[in-house]
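Protein chains in written order, with the numbering used here: chain H, 171 to 709; chain D, 1014 to 1262.
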């Protein structure tokens, strides 16, 4: 089958903070360079989900005049709180005793989706060609094995993969350099890491699943600029996670929960932990009389420097969280993603102009403030594998006394899909039923995401072995996909007492958790037809 | 034959629409917008007619703010030849749109005007009919099948009682139903090519039309929440409840 081909200097896969920053920086350095950016969402921002307390450092460098350019960054952090939650009580931790990385008084509460929309406008203004609704579904290679570019998804295939009347073949985009900026667990990034063995000598990557809801709360419960984090209840002390509560503009509160995907109990349901968290007195009283207006979830990177793969290969670069540049103790990845994207642009210009080896990217990266930040942060997440209490004590010593300069590096020992224990060895968890006021079920939550995938298209959640879910995973782990999926995509249904594994792929909100956590790595997330997935507003 | 196709930018049909807190309208900031779905059917039908050799040119037109141009751009990507964007900021009602379209029809002299049967945002279902009245042209609304004959069109209409087939003389206004066809995808190569097709921009004010709303919108509210249902044991109980509690029979 012949596909149309377009040649560009640089093709960028993904319109998040890193990819857009690369595009912008490239055009700033060389207005004549041809840059094309592909985005799988129906518009830029529609698949972006983030807390977000934003550190402006990278943006200050990219657009020193971002205020004049009316970037959607307005709410400065005015007050900070940190709570340890017990089942009924809560203990407020003094902010001055928090490590410096967790202090936010110079930062802003923003919607990252809106910032991306703004970045896309700037990029288009500089001449970047942006194509939303076109997922890159395939990597193209040159004969010498180097990356040649990507192809977009074929459109108009039915469930069996046959061409419908509306069939449109994908298109090949060839580039001197292809930049992969798909975000956490990008499906092409995953292929590249494997093909070029980019994780060699690195620890297994660590992930978390993050939930976010936007609430419009009662005026008396709203304190614009307040940033609050919690640890503790409802999670047990061996599960890594915590909440964020950010009071944004217009009486909105961005409320979220992050749980490390290295959790051990297959009965744990991250979604229900988040819902239960909202029933804590300290949270419930803030939400009462308010209204939930948005919901979403997305996997995020937690591995840090130890798990960061090599970020260059012949013909291509891996940037942002497609590689894994999030700073976990800071709970921030937007500024590091942006900076990694800007460094990539500088490296590409050097490569094209002076034919420097692409390894110049990693040299520049290692000399940048991102590397320094990630180096100082590197020991925090692994220390929590000892449990909450020891983790906090160690982090206090590491981050407050030594400021991340301890002369050793703790390692991540296991990949997240290896950490589950057998279902019969772990306690079942009895989650309360949703009250539809403060807590909700998955169906009504997914409804808020505006998620849709065209009917009658190939299922984009592929099983390597269709027998495994029922024959192995259900038996050993009580099929945890029913619980870790934040959108209710996976169900075990019983027909005549016989279990059947059902994939409701049309509900998928593109979080990638299944691809990460499935114990046998049996589920592979691939791109659905363009424009599918959630339609997030100001997430 | 020349076909003018009108398209409107509306909130995407997948988005859960939210009423503004002050009840002055619905939230549109940072909400995904798309072409009104039946307008996509109108464009598709025009393109099909052109592909069959029965039309020579398709002109796509939209009326609205700057970003409404995206809908014309999409029509260009699936086969329209050129675009017109009549710029108006703020609320614009069907009557004003019809008056604008009338002016454009006077200028462009198309043989057919296609548009969606109604827009999914206000559900007015008026623009096509008003335009037909202003131009004194025949109209065929809710079209689910169109056959181009010599100087006439045979149009099947989706009406309450079923299907109605009528014949209209050209020039005519056709408003299109979702059942008319399956709109094609805008492919990436065609989107790239569409960027080079011309879009003429006209200010509504320059057409001498007063686009001021004629309707005062007092309040926008969410519909009342549906109460949870109940299960009844048998038909007798159902009839009894419908009679005595719901009082509907």
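For glycine and all other residues, C-beta sits at the position ideal for the given N, C-alpha and C.
N- and C-terminal bounds of the alpha helix (DSSP H) containing residue i
| i | result |
| --- | --- |
| residue 509 of chain H | 504-524 |
| residue 617 of chain H | 612-618 |
| residue 227 of chain H | 227-232 |
| residue 300 of chain H | Careful: residue 300 of chain H lies outside any alpha helix (DSSP H), inside the beta strand (DSSP E) at 299-302. |
| residue 283 of chain H | 282-295 |
| residue 547 of chain H | 539-547 |
| residue 652 of chain H | 651-654 |
| residue 1082 of chain D | 1082-1090 |
| residue 212 of chain H | Run containing residue 212 of chain H: none; DSSP gives neither H nor E here. |
| residue 1109 of chain D | 1107-1121 |
| residue 1167 of chain D | Counting along the chain, residue 1167 of chain D falls outside any alpha helix (DSSP H), though it belongs to the beta strand (DSSP E) covering 1165-1172. |
Nearest residue (CA-CA) to residue i, options the options
| i | options | result |
| --- | --- | --- |
| residue 450 of chain H | H/259, H/593 and H/540 | H/259 |
| residue 182 of chain H | H/441, H/673 and H/488 | H/488 |
| residue 1047 of chain D | D/1081, D/1065 and D/1126 | D/1081 |
| residue 1214 of chain D | D/1120, D/1125, D/1074 and D/1052 | D/1074 |
| residue 409 of chain H | H/539, H/651, H/394 and H/438 | H/438 |
| residue 356 of chain H | H/491, H/567 and H/420 | H/491 |
| residue 585 of chain H | H/381, H/477, H/461 and H/197 | H/477 |
| residue 1202 of chain D | H/322, H/374, H/371 and H/600 | H/322 |
| residue 277 of chain H | H/320, H/223 and H/657 | H/223 |
| residue 1100 of chain D | D/1232, D/1039 and D/1221 | D/1221 |
| residue 709 of chain H | H/242, H/194 and H/173 | H/242 |
| residue 631 of chain H | H/648, H/693 and H/661 | H/693 |
| residue 462 of chain H | D/1079, D/1029 and D/1067 | D/1029 |
Cross-chain neighbours of residue i in chain H, by beta carbon under 7 Å
| i | result |
| --- | --- |
| residue 1148 of chain D | Correct list: empty, because the minimum Cβ distance to chain H is about 33 Å. |
| residue 1031 of chain D | 463 |
| residue 1022 of chain D | Ordered by position in chain H, no residue passes the 7 Å Cβ test against residue 1022 of chain D, which lies about 12 Å from the chain. |
| residue 1201 of chain D | 301, 304, 322 and 341 |
Where residue i meets chain D, residues with beta-carbon distance less than 7 Å
| i | result |
| --- | --- |
| residue 224 of chain H | Those within 7 Å of residue 224 of chain H in chain D number zero; the least Cβ separation is about 16 Å. |
| residue 710 of chain H | The question about residue 710 of chain H has no answer, for chain H in this structure spans 171 to 709. |
| residue 216 of chain H | 1045 |
| residue 456 of chain H | Within 7 Å Cβ-Cβ: nothing; residue 456 of chain H doesn't reach chain D, min ~18 Å. |
Listed by chain order, chain H residues near residue i by CB distance under 8 Å
| i | result |
| --- | --- |
| residue 1035 of chain D | What residue 1035 of chain D touches in chain H: nothing, since even the nearest Cβ is about 11 Å away. |
| residue 1204 of chain D | 301 |
| residue 1028 of chain D | 620, 705 and 707 |
Neighbour list for residue i in chain H, Cβ cutoff strictly below 9 Å
| i | result |
| --- | --- |
| residue 1053 of chain D | Simply none; closest approach about 12 Å. |
| residue 1089 of chain D | In chain order: nothing, as chain H lies at least about 15 Å away. |
Distance between beta carbons of residue j and residue i, contact taken as under 8 Å
| i | j | result |
| --- | --- | --- |
| residue 511 of chain H | residue 189 of chain H | 6 Å |
| residue 328 of chain H | residue 626 of chain H | 5 Å |
| residue 604 of chain H | residue 445 of chain H | 6 Å |
| residue 689 of chain H | residue 216 of chain H | 31 Å between Cβ atoms; not a contact. |
| residue 1123 of chain D | residue 1015 of chain D | 4 Å |
| residue 175 of chain H | residue 344 of chain H | 6 Å |
| residue 319 of chain H | residue 348 of chain H | 5 Å |
Element boundaries [beta strand (DSSP E), containing residue i]
| i | result |
| --- | --- |
| residue 319 of chain H | 317-322 |
| residue 1269 of chain D | What is shown of chain D runs 1014 to 1262, which leaves residue 1269 of chain D out entirely. |
| residue 496 of chain H | Note, residue 496 of chain H: premise wrong, no beta strand (DSSP E); not H, not E. |
| residue 398 of chain H | 396-402 |
| residue 444 of chain H | Note, residue 444 of chain H: premise wrong, no beta strand (DSSP E); alpha helix (DSSP H) at 440-447. |
| residue 409 of chain H | Premise fails: residue 409 of chain H is in no beta strand (DSSP E) and is neither H nor E. |
| residue 378 of chain H | 377-386 |
| residue 1189 of chain D | 1185-1189 |
| residue 1178 of chain D | 1175-1182 |
| residue 645 of chain H | First-last for residue 645 of chain H: 644-647, but that is the alpha helix (DSSP H), not the beta strand (DSSP E). |
Neighbouring residues, chain C, relative to residue i (Cβ below 8 Å)
| i | result |
| --- | --- |
| residue 1025 of chain D | The structure shown has no chain C; the protein chains it does contain are H and D. |
Cross-chain neighbours of residue i in chain D, by beta carbon under 8 Å
| i | result |
| --- | --- |
| residue 386 of chain H | 1034 |
| residue 284 of chain H | 1043 |
| residue 287 of chain H | 1043 |
Contact set between residue i and chain D, taken where Cβ atoms lie within less than 9 Å
| i | result |
| --- | --- |
| residue 596 of chain H | Neighbours of residue 596 of chain H on chain D: none; closest Cβ ~35 Å, over 9 Å. |
| residue 326 of chain H | 1197 and 1198 |
Can you give me, in chain order, the residues of the segment 611-635 of chain H that have a beta carbon less than 7 Å from any beta carbon in chain D?
Those residues of the segment 611-635 of chain H that come within reach of chain D (Cβ to Cβ, closer than 7 Å) are 617, 618, 620 and 622.
To be precise: take each residue of the segment 173-186 of chain H, compare its Cβ to all Cβ atoms of chain D, and keep it if any distance is under 8 Å. Which residues remain?
Flagged, chain order: 174 and 176.
Taking any Cβ of chain D, which residues in the segment 654-683 of chain H have a Cβ under 7 Å from it, in chain order?
From the segment 654-683 of chain H, no residue has a Cβ closer than 7 Å to chain D.
Which residues of the segment 340-368 of chain H have a Cβ closer than 7 Å to any Cβ of chain D? Give them in chain order.
So the list reads 341, given in the order they occur along the chain.
Looking at chain D, which residues of the segment 390-418 of chain H have a Cβ within less than 8 Å of any of its Cβ atoms?
Those residues of the segment 390-418 of chain H that come within reach of chain D (Cβ to Cβ, closer than 8 Å) do not exist; the list is empty.
Against chain D: residues of the segment 474-494 of chain H by CB proximity under 8 Å
For chain D, none of the residues of the segment 474-494 of chain H brings a beta carbon within less than 8 Å of one of its beta carbons.
Identify each residue in the segment 422-435 of chain H for which the Cβ-Cβ distance to at least one residue of chain D is less than 9 Å, and report them in chain order.
Cβ proximity to chain D below 9 Å picks out nothing from the segment 422-435 of chain H.
Taking beta-carbon pairs under 9 Å, can you tell me which members of the segment 559-583 of chain H lie near chain D?
Hits within the stretch: zero.
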